[in-house]
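Q: Residues 5 to 206 in the numbering used here are what the sequence shown lists, from first letter to last. Even glycine gets a Cβ: it sits at the ideal position worked out from N, Cα and C. Please read these numbers as outputs of a predicted model, since none were measured by experiment.
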Amino acid sequence: MSTERPSINWQEVRKRLHDNQQALERAMLVHPERLQEEYRRRAEELAGRGRQGRGSDRGLRVLVFWLGNERLAFVFGDVAELLPFGQCTPVPGGPPQLLGVTNIHGEIRSVVDLGRLLELPEGDSNSSGYILLLRHQGRLAALRVDRLDNIQWLAPEALAVPTEGEAGALVRFLRGWTPDRLRVLNTQAVFAHPIFHRGPEE
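1. Under three-state DSSP, which class holds Q156?
2. Excluding sequence positions up to five away, which residues of its chain have a Cβ less than 6 Å from the Cβ of G180?
3. List the DSSP bridge partners of P88.
4. CB-CB under 6 Å to P125, same chain, minus the five flanking residues each way: which ones, in chain order?
5. What would DSSP say about L186, mapped onto helix, strand or coil?
6. Measuring CB to CB, does A145 end up less than 8 Å from L152?
7. Using DSSP with H/G/I as helix, E/B as strand and the rest coil, what is E111?
8. In chain order, what residues of the same chain have a beta carbon less than 8 Å from the beta carbon of S132, not counting five sequence neighbours either side?
9. When the Cα atoms are used, what is the spatial distance from E111 to V105?
Written as structure tokens, this is what we have:
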């Protein structure tokens, strides 16, 4: 298999990122000022302040998104970055969860379909979606999701641990869920999936 990579038109990339950043702001349903504040808070978390979205009496801060008709979330402090999903290069012989590889800030990274990883029904195939760059113990995983919803706080007592009978196979990936069935994913459990232990391709 050829290892030659196509040249990258960085001017076009910058323009697309600028255009998609505006779409990202709209998708998150917050004003630009609020978005910048959230980015600032995230930077503080990644520097060690408010780690894992805790350290506030407001509870647990999560990023909410959609996979098909399923509403899910990750702890906000585990999210390193959000990017518009464009195209990626397929990997012949790769597992079905692997959409391909793409260039993220000069590094070639695998892009995993989070819905397939979680064994959920197929989502919106007509939507380009977003890449959620998840961080755990110094590692990064690029996960494609269908749509972004918002950033919200959850009261610790509102998060319950479902049984397998309630949540099915998804239960092994859950940190818990809320009374309205917002499913909060366990970052460590997601990283434990075999697809992230396939070798040096990521």
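A: Looking at the coordinates:
1. strand
2. L163, A164, V165, V188
3. Y134
4. G72
5. coil
6. no
7. strand
8. P88, F89, G90
9. 10 Å
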